[in-house]
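Residue numbers (the UniProt record's numbering): 1 to 110. For each residue, glycine too, the CB sits at the ideal point set by N, CA and C.
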């Protein structure tokens, strides 16, 4: 297991990306409307707050698992509600405080 990416909600994506790029000296990639800050072999996803968040600035983080379907079934057997389940690919769960956690099969970026 490893953390694949963390998503940060921001008011102004361009200013946030400039901070990570120019101030913190991170490389980045732009894909459609998404900005991805590269941290080693992991990423920080910078996206503008749409107002549909569960917290002020933190949306979710993702953990890759090779055994995504077996793990999903194990969690369901334990009574965990899976959100936006994409069999063979990914799903989300909420922790007790409502923080959203994504589990994803390893994939070729974005």
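Shown here for residue 43: same chain residues with a beta carbon closer than 6 Å to its own, the five before and five after excluded, namely 5 and 36 in chain order. Annotation for residue 94: the continuous beta strand (DSSP E) segment containing it runs 90–94. Assignment of residue 82 by DSSP, reduced to helix, strand and coil, places it in the coil class.
Closest by C-alpha distance to residue 50, out of 11, 106 and 93, is 11. Between the alpha carbons of residue 9 and residue 58 lies a gap of roughly 6 Å. In the three-state scheme derived from DSSP, where H, G and I count as helix and E and B as strand, residue 26 is classed as coil. In the three-state reduction of the DSSP assignment, residue 13 falls in the helix class, which pools H, G and I. DSSP places residue 48 inside the beta strand (DSSP E), whose first and last residues are 42–48.
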